[in-house]
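Colleague:
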Amino acid sequence: MKKAIPILFITLLLGKQSFAQETFPRNDVRDLRGGAYAFTNATVYTNSYIKIENAVLLIRNGKIEKVGAGLAVPAGYTEVNLKGKFVYPSFIDLHTNYGLPKLEAAAGGGGFSGAEQIQTKTKGPYNANQAIKSEYNASSEFTVDSKTAEKFRASGFGTVLTFRADGLARGTSAIVTLGEERDNVVVLKDKAAAHLSFNRGSSRQSYPVSQMGYVAVLRQTYLDADWYSKQNSKPFKDLSLEGWTATQSLPQIFEANGWLNDLRADKIGDEFGKQYIIRGGGDEYQRINEVKATNAPLIIPVSFPEAFDVDDPIDADRVSLTDMKHWEMAPANPGILEKAGIEFAITSDRLKDKADLLKSVRKAIEYGLSETAALKALTETPAKLVNIQNKVGSLSAGLEANFIICSGSLFEEATVINENWVQGKRFPIKEVDNTDLTGKYNLTVDSKSYSLEVSGKAGEYKFKVKITDSLSVDAKSKIERDLVSLSFNSTKEKKNDLVRLSGWRQGTSWKGNGELASGKEVDWKAEFAASLDKKDEKKEAKKDKPTIGDVIYPFTAFGSKEKVKAEELLIKNATVWTNEKEGILKNTDVLIKDGKISAIGNNLTTAGKTIDASGKHLTAGIVDEHTHIALSAINDAATNSSMVRTEDVIDSQDADIYRALAGGVVAAQALHGSANPIGGHSSIIKLKWGAAPDEFKIKGADKFIKFALGENVKRSGNPQSVRFPQTRMGVEQVYVDAFTNAIEYERKWNAYTALAPKDKATATAPRRDLVDETMLEIVRGKRFVTCHSYVQSEINMMMKVAERFNFKINSFTHILEGYKLADQMKAHGVAAGTFSDWWNYKWEVHYAIPYNAAILNKEGVLTAINSDDANIGRRLNQEAAKTMKYGDVSEEDALKFVTLNPAKILHLDSQMGSIKVGKSADVVLWTGHPLSVYTKADKTIIEGGVYFDLDKDKILRNELEKERARLINKMIDSKKAGAPTQKGQSKQQEEMHCEERGLEETNFEN
Amino acid sequence: MKALLKYFLLLLIVSKLHAQTPYPAEPQQKPVLITGATIHVGNGQVLVNGAIAFDAGKLTYVGSASGAPADKTKYDVIDATGKQVYPGFILPNSQVGLEEVSSIRATIDFDETGEFNPNVRSLISYNTDSEMIPAFRFNGILMAEVAPVGGVIAGTSSIMQMEGWNWEDAAHTKDVAIHLNWPGTLKAKFDFDTFTRTFEANPDYPKNIEEINVFFNDALHYSKLVGKEVNLKMEAMQGLFSGAQTLIIHADLAKEIVDAIKFAQAHGVKKIALLADDQALKVVSFLKENNIPVILAPVHRVPSKDDDAVDLPYELPSLMVKAGIMISLSHDGMLGLSRNLPFYAGTAVAYGLEKEEALKAMTLNTATILGIEKKTGSLEVGKDATLFISAGDALDYNGNKLSDAFIVGKRVILNSKQQELYDRYSKKYGHKK
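Listed in order, the protein sequences are those of chains E and R. The numbering of the first sequence is numbering that gives the first Met the number 0, which starts it at 0 and goes up by one. The numbering of the second sequence is numbering that gives the first Met the number 0, which starts it at 0 and goes up by one.
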């Protein structure tokens, strides 16, 4: 073994000698050869749109010297005749981890189970958050990886951007070629771009653990880095922040992986004046306008999903419309991006096999991408995005000699890449001799004559030997360069008659030696006689652009092509529950116009649509004061998570939105979970099914935040928890501490702001802290608290803490022991949003009673009934009705529990919550008495737009069925045609709510 | 004197309320006659202005008020004019009495270790002092099939009454069914980053079935085996082969349902019931041909798939009944919410099920599935006097208000801790009720 080492070493050196740097020691005489080549007669694309026929491309010392038509071949240059070949700049992949060490997979969910990891585990003076790794440079660990390089080269790549996919801030990437020189030569650019993501990577620190937290950590890091960089004398050393600051001028590449996260990422960039390059997910066509509005250039995968195996109808049932439609439409994504004028690069990332790249891109072309745009997305655009257009991405003098030689026009189906040249070095990929061998030959073996027909094309020729007029046999053949071997049966019986021939090509003929079945050695020859009848060859018809279905909003079942629009509606003859002093009005008309309630009365008329509501009841729309639907994540795990915001993770695709609409819900507070005493910001939303996430938010709504008390926040469900607080005593201290800090924070800022301009110039501003800012908003009455609570002691405590800091708790949610201190709550002025009959799923709800709402209401506490979970959220009218059973609440009051009262709690009652002229037309028409189990929501109207309609629902179901059937048939056809399939499997987003199953959403056990 | 004693007894009960669950009922002393009510018999029949009489726990008269026994002095007469009488609702597949506070392990008594536990019997754990019990009967649930949970064969269930001094006392019918959790053809995988669950084929499915196969096969042959040692597990299975017990199969997906039922049939199980959700609809003709009744997952739930109609869980009971399947309604999830069973029936009515059919799904059908239909499940002469009087429609929120309830003729106390706390705090604030 010892001896093998120097041999290996020499081999390595030999491979890397041609452009070795002067600084490296030699182990031989100097051997620089210059690598001067002239490629002639090719069709050269110097970039995506300039094509030169019969071009000459000169390269020397690994660089392009000249390219053009009619150039002379300088003396001493090796001429490579590329007649019939096409030359392109080689491709650039901006999403790779090429040449970097493999990351170890991080174990466990983190944050919620086991002992929490409060502090970072990174050793050294790095960031407080383990997911911030902006000090890292990929070049520090990069080394050539021949095996992987070969794969990239085979699919046409010459250059890649490589980064370490670990953390929210991942440090910088390097641009490297796919050559096999020394690392020093291969690395074209160090610190090429800075990388960000929504993936905490190997960190298992207990914050952040959610999409909301990822956003918050990145926002805070922007602030911290800015503050840190301005400190003349650093209060502590943070190499991550230093790395962050140092890399801000680089291109910032954000891995978002899908339109929803694309938009979320872009919003962070907007806040801090950054335009990210966004690594998308290939589903951008689903919200193309919103994606376009980000102005972000994209890096997109072309890994189009395989069809699902839907032969079995029961199995097919589990494949969702979303997944089926995505299968159909994903190949159209690049073309749709092009049409929308979005700049994008294509990555090979996520392809099962990189060798499929061209196949995938060709598919995208078939689905509407232009060839020019395809080439651009593989070459110029990636080069431009990371500022290496002066090195690679096109073919012009001075650039790296990175190009591919193809057998034909790149995007033709038959075209293969013959060679991939990296920095002037040739890497053969697929040698194909294009000499046409087809034709009719006269074959003579020994003295016998046959006729031989060769059909097909290079690489897959078919040989047929005509023995007699009535007998033709297929011959086995093998062609390697100029060598050929053939074997065939020479009689009808196919017994002891095998003729085996081996020979070589000479001009248009073949000759050689053979052996007959008898063992007799013979000579043979095959002389070209005539070309094949051209008529026999079927010219492949140009493929038509495939037809695909429509984009629907949202891109899921019950989405529609058209977004909902406000209508003028006259609801005639309804029983109208006004929630005002008028009470319940029978046989009354309500006119809805311009999104508002414009008239209430009798014999109203309209130019719009009239709805006969005889026998039906009209009420204000249901407002769910406590929900977790329409969110992609609901819990982060820091004790004080007030820096996170549910509005960052609104999920407009959540099927529960439509289900809630079907239950008459028009608006909701989408809350953070209850894993921590201080949770995140709430989103006050209207359920505008079909709209983009940001359109869900109610403009101008007051700001809210979730607090939580009791067993969840003291981690009673996790015996290994070490997180402060573990008791209700500790919970109180969390609040007192947070508010005390906030006031101190305010004092510091006030002092800074009050400085005279002269003093300010020399002072540095205090550090901005998203936690303190939120806490201060609360103390100063600019943000309102909804507090998850159960037992009377903690409810009392929360009010006392608020009073100590001179503000009021806005509302208690859950509040199942509210009935025990209704008088104190009334005195504090806090509202209650409770459950109708949840009980005894934890110790702290042992004394919960279904009379809670009735008692609170009677005592004069503003009371609402809310859902917390998606199931109850679609029957809130019925939840309210339970208070008539438990506590004999009047029907009008019961309805107010889910309409006017929650609107008041959310400070929305000036615009909704009752049927009153001028208020927003957020109303529900019910098939009967709104508090009866037998009643359904007939129409759910938001701002005059009908978002749910029993009749339209039937139509949507019908459309859904048809669309599914169409797609299933298409998948079956595609399978029949030989396309690969995947097993039917459905993805399912977990239902999330605070309670029932132990603690937060992470606990799924029954 | 007797009246005074009664008064003291009542006082005792009331004052004990806050500390204890209500006093168990005394056996029926005197015949009871309820008159003037609308009687929902539970078999589909409704008697307007009816009367009902019972003695020693058994129904002696069910019919028109005019035909009721004339000599009213023999009876404690309840004038229920304008009110509704229903058979006590039966809650199948419940853990009432076996679980108190779900987050506290010490209060959970339904999941034995091991995979094959037919010998484990739910009634042993049944806690008659559970606070769930009075809360359930407050809404009309007077009996439950109390079943163990977990493993492949969870154990043997019994019909328990929502009252009693101890489990023997509360047991209506012992050991009625064995619960089989059929393995899944799919395996769920959870991704924390996207918060989604993906499903892939369970490679162990054939192996899982083989284990069940061996167990059932051994059990089937056990009775005839000569020279055997007594085996508690095998003994516990015998009721399935004689038809004395029902095999309740919990199966998720359509194909698993067919696999499981065919398996049970092939192994000589006489009485089979299925516990499933809308997947049962996919193989409804199979269920119909094989005469398999179905205990349905909670009506109040979220559809399991994005592509499902929003009201599929609501409409499922009606769709099943239209397809000719006998159904029963059940609950799972938060145990305390089982008390909403009547409203599950109400919702099923809103979505197409006939009202008395919906009632059957909580009474006679459930009794039939569990093999107790000869004794209870409907208001017919000779059957148990397990019934209640409600001010209105017991399937709707504002109608489900019980004034009287009887379990086998015993008048049960309806109020409990929850009502006592309501009283106590109403008093604190001076609220008039």
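Ideal Cβ positions, reconstructed from N, Cα and C, are used throughout, including at glycine.
Below 8 Å CB to CB, which residues in the same chain sit around Met142 of chain R once its five sequence neighbours on both sides are set aside?
Modeller: Translated into the one-based positions of the second sequence, residue 142 of chain R becomes position 143. Answer for Met142 of chain R: Gly87, Phe88, Ile89, Leu90, Ile158, Met159, Gln160, Met161, His171, Thr375, Thr385, Ile406, listed in chain order.
Colleague: Under 8 Å, Cβ to Cβ, is there at least one residue of chain R near Met328 of chain E?
Modeller: To locate residue 328 of chain E, count along the first sequence from 1; it is residue 329. The Cβ of Met328 of chain E sits no closer than 8 Å to any Cβ of chain R.
Colleague: Given that a residue counts as buried once 16 or more other Cβ atoms are within 10 Å of its Cβ, and exposed if not, what is Phe235 of chain E?
Modeller: On the first sequence, residue 235 of chain E is found 236 positions in, with the first residue counted as 1. Exposed.
Colleague: Would the stretch 311-325 of chain E and the stretch 361-372 of chain E be scored as touching if the rule is three or more Cβ pairs under 8 Å?
Modeller: no
Colleague: Taking DSSP's pairing of strands, which residues face Met142 of chain R in a bridge?
Modeller: Translated into positions along the second sequence, residue 142 of chain R becomes position 143. The partner list for Met142 of chain R (beta bridge, DSSP) reads R:Ile89, R:Gln160.
Colleague: What would DSSP say about Ile313 of chain E, mapped onto helix, strand or coil?
Modeller: Taking the first residue of the first sequence as 1, we reach residue 313 of chain E at position 314. DSSP places Ile313 of chain E in helix when its eight states are reduced to three.
Colleague: Between the C-alpha atoms of Gly14 of chain E and Gln247 of chain E, what's the straight-line distance to the nearest angstrom?
Modeller: The count along the first sequence starts at 1 and reaches residue 14 of chain E at position 15. The count along the first sequence starts at 1 and reaches residue 247 of chain E at position 248. Residue placement at Gly14 of chain E is flagged as unreliable, the pLDDT there being 45, under the threshold of 50; the coordinate-derived value follows with that caveat. Each residue's Cα considered, the two are about 38 Å apart.
Colleague: Would you kindly work out how many angstroms separate the C-alpha atoms of Asn957 of chain E and Ser559 of chain E, rounded to a whole number?
Modeller: What you label residue 957 of chain E is simply residue 958 of the first sequence in a count that begins at 1. What you label residue 559 of chain E is simply residue 560 of the first sequence in a count that begins at 1. The alpha-carbon atoms of Asn957 of chain E and Ser559 of chain E are separated by roughly 12 Å.
Colleague: Counting only Cβ pairs nearer than 9 Å, list the residues of chain R close to Gly817 of chain E.
Modeller: Locating residue 817 of chain E in the first sequence gives position 818, where the first residue counts as 1. Chain R residues near Gly817 of chain E: none, gap ~10 Å exceeds 9 Å.
Colleague: Determine whether the Cβ of Pro849 of chain E lies closer than 8 Å to any Cβ atom of chain R.
Modeller: Counting from 1 along the first sequence, the entry for residue 849 of chain E is found at position 850. Chain R, which has a Cβ nearer than 8 Å to the Cβ of Pro849 of chain E, makes this yes.
Colleague: Name the chain R residues that come within less than 8 Å of Ala661 of chain E, Cβ to Cβ?
Modeller: Counting from 1 along the first sequence, the entry for residue 661 of chain E is found at position 662. Neighbours of Ala661 of chain E on chain R, chain order: Val309, Asp310.
Colleague: Which residues in the same chain have their Cβ closer than 6 Å to the Cβ of Asn128 of chain E, if we skip the five residues on either side of it in sequence?
Modeller: Within the first sequence, the letter at position 129 stands for residue 128 of chain E. Here the set comprises Val216.
Colleague: Just to confirm the assignment, what range does the beta strand (DSSP E) spanning Val186 of chain E have?
Modeller: Sequence index remark: in the first sequence, residue 186 of chain E carries index 187 (1-based). Segment 186-188, the beta strand (DSSP E) holding Val186 of chain E.
Colleague: With 8 Å set as the bound, which would you pick, yes or no: does the beta-carbon of Val932 of chain E sit closer than that to a beta-carbon of chain R?
Modeller: Position 933 of the first sequence, counting from 1, holds the residue named residue 932 of chain E. Taking CB atoms only, Val932 of chain E has a neighbour in chain R less than 8 Å away.
Colleague: Less than 7 Å separating the Cβ of Ser408 of chain E from some heavy atom of the ligand NAP?
Modeller: Among the components modelled here there is no ligand, and therefore nothing to report on the ligand NAP.
Colleague: Excluding the 5 residues preceding and the 5 following Leu436 of chain E in the sequence, name in chain order all residues of the same chain whose CB lies nearer than 7 Å to its CB.
Modeller: Along the first sequence, one-based indexing puts residue 436 of chain E at 437. Answer for Leu436 of chain E: Val453, Tyr460, listed in chain order.
Colleague: Along the stretch 342-370 of chain E, what residues have a CB closer than 7 Å to any CB found in chain R?
Modeller: none
Colleague: How long is the line joining the alpha carbons of Ile324 of chain R and Met361 of chain R, rounded to whole angstroms?
Modeller: For the purposes of this step, residue 324 of chain R is taken as the residue at position 325 of the second sequence. For the purposes of this step, residue 361 of chain R is taken as the residue at position 362 of the second sequence. The straight-line gap from Cα to Cα measures roughly 15 Å.
Colleague: Around the Cβ of Glu536 of chain E, are there at least 16 other Cβ atoms within 10 angstroms (buried) or fewer (exposed)?
Modeller: Taking the first residue of the first sequence as position 1, residue 536 of chain E is located at position 537. Low confidence applies to Glu536 of chain E: its pLDDT is 49, below 50, so where it sits in the model is not reliable, and the reading given next is rough at best. It counts as exposed.
Colleague: Please report the distance separating the alpha-carbon of Asn809 of chain E from that of Arg782 of chain E.
Modeller: One-based indexing of the first sequence puts residue 809 of chain E at position 810. One-based indexing of the first sequence puts residue 782 of chain E at position 783. Looking at the two C-alpha atoms, the distance is approximately 9 Å.
Colleague: Taking 8 Å as the CB-CB limit, is Gln417 of chain R close to chain E?
Modeller: Walking along the second sequence from the start, residue 417 of chain R turns up at place 418. Cβ-Cβ to chain E under 8 Å: yes for Gln417 of chain R.
Colleague: Where does the unbroken alpha helix (DSSP H) through His827 of chain E begin, and where does it stop?
Modeller: Taking the first residue of the first sequence as 1, we reach residue 827 of chain E at position 828. Residues 821-827.
Colleague: So which of E:Lys935, E:Glu942, E:Ile941, E:Val945 has the shortest CA-CA distance to Gly345 of chain R?
Modeller: Within the second sequence, the letter at position 346 stands for residue 345 of chain R. Comparing Cα-Cα distances from Gly345 of chain R to each of E:Lys935, E:Glu942, E:Ile941, E:Val945, the minimum goes to E:Lys935.
Colleague: With DSSP collapsed to three states, give me the class of Thr626 of chain E.
Modeller: As a first step, residue 626 of chain E must be located in the first sequence, where it is residue number 627. Three-state DSSP puts Thr626 of chain E in a strand.
Colleague: Taking Cβ-Cβ distances below 8 Å as the criterion, which residues of the stretch 364-395 of chain R are in contact with chain E?
Modeller: Leu394, Asp395
Colleague: Can you tell me the Cβ-Cβ gap for Leu861 of chain E and Ala830 of chain E, rounded? I've got them flagged as a contact below 8 Å.
Modeller: Counted from its first residue, the first sequence places residue 861 of chain E at position 862. Counted from its first residue, the first sequence places residue 830 of chain E at position 831. Between Ala830 of chain E and Leu861 of chain E the Cβ distance is about 4 Å, and since that is below 8 Å, they are a contact.
Colleague: For Leu924 of chain E, report the span of its beta strand (DSSP E) as first-last.
Modeller: Reading the first sequence from its first residue, position 925 is the one you call residue 924 of chain E. It spans 922-925 - the beta strand (DSSP E) in which Leu924 of chain E sits, taken as one unbroken run.
Colleague: Excluding five sequence neighbours on each side, which residues of the same chain lie with their C-beta closer than 8 Å to the C-beta of Pro124 of chain E?
Modeller: For the purposes of this step, residue 124 of chain E is taken as the residue at position 125 of the first sequence. Phe235, Lys236, Asp237, Leu238.
Colleague: Report the residues of the stretch 117-150 of chain E with a CB closer than 9 Å to any CB of chain R, ordered along the chain.
Modeller: none
Colleague: Please confirm whether Tyr85 of chain R has its beta-carbon closer than 8 Å to some beta-carbon of chain E.
Modeller: By one-based count along the second sequence, residue 85 of chain R stands at place 86. Chain E contact via Cβ: absent.
Colleague: Do Ser133 of chain E and Gly242 of chain E have their beta-carbon atoms positioned less than 8 Å apart in this structure?
Modeller: Here residue 242 of chain E refers to the residue found at position 243 of the first sequence. Here residue 133 of chain E refers to the residue found at position 134 of the first sequence. Yes, they are a contact pair.
Colleague: Skipping 5 residues on each side, what residues in its chain have a beta carbon closer than 7 Å to that of Lys281 of chain R?
Modeller: Working through the second sequence from its first residue, we reach residue 281 of chain R at position 282. Cβ neighbours of Lys281 of chain R beyond the five flanking positions: Ala253.
Colleague: Take Ile368 of chain R as the anchor and find which of R:Gln237, R:Glu144, R:His266, R:Gly183 has the nearest alpha-carbon.
Modeller: Counting from 1 along the second sequence, the entry for residue 368 of chain R is found at position 369. Nearest option by C-alpha distance: R:Glu144.
Colleague: Let me see if you follow: with CB-CB separation under 8 Å, is Thr293 of chain E close to chain R or not?
Modeller: In the first sequence, counting from the first residue as 1, residue 293 of chain E sits at position 294. In terms of beta-carbon proximity, Thr293 of chain E stays away from the interface with chain R, with every pair separated by 8 Å or more.
Colleague: In chain R, what lies closer than 7 Å to His845 of chain E by C-beta?
Modeller: Taking the first residue of the first sequence as position 1, residue 845 of chain E is located at position 846. Simply Val100.
Colleague: Chain E partners of Asp258 of chain R, CB-CB under 7 Å?
Modeller: By 1-based counting over the second sequence, the position of residue 258 of chain R is 259. Chain E residues near Asp258 of chain R: none, gap ~12 Å exceeds 7 Å.
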